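In full-length UniProt numbering, the protein residues as written are 1 to 47.
The C-beta atom is built at its ideal place from N, Cα and C for all residues, glycine as well.
Keep in mind it's a predicted model, so treat the numbers as computed, not measured.
In what follows, a structure is listed as structure tokens, so that the remarks can point back to it.
The following block contains the structure:
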């Protein structure tokens, strides 16, 4: 019987400019709007 293996890739895609709610909100909006990060229809995903 052959076992399947699962791998996890961790990548640093940036961080907020500061540890404040405003900076985190700005970072997440930009990050989650990137089509290279969220690969789905804009009708289904709109941050």
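task = For residue 26, name the three-state secondary structure that DSSP assigns.
result = For the purposes of this step, residue 26 is taken as the residue at position 26 of the chain shown. Taken through DSSP and simplified to helix, strand or coil, residue 26 comes out as helix.
ask   = Going along the chain, which residues of its own chain have a beta-carbon closer than 6 Å to the beta-carbon of residue 16, five neighbours each way excluded?
value = Position 16 of the chain shown, counted from the start, is the residue given in the question as residue 16. So the list reads 23, 24, 27, once near-sequence residues are dropped.
Straight-line Cα distance separating residue 3 from residue 42 = Here residue 42 refers to the residue found at position 42 when the chain shown is read from its first residue. Here residue 3 refers to the residue found at position 3 when the chain shown is read from its first residue. Pairing residue 42 with residue 3, the inter-Cα distance amounts to about 37 Å.
query = Considering only C-alpha positions, which residue in the set 14, 21, 7 is nearest to residue 31?
reply = Here residue 31 is taken as the residue at index 31 of the chain shown, counted from 1. Selected option, being the one with the closest Cα: 14.
Beta-carbon contacts of residue 20 that lie in its chain and below 6 Å, excluding the five residues immediately before and after = By one-based count along the chain shown, residue 20 stands at place 20. Contacts found: none.
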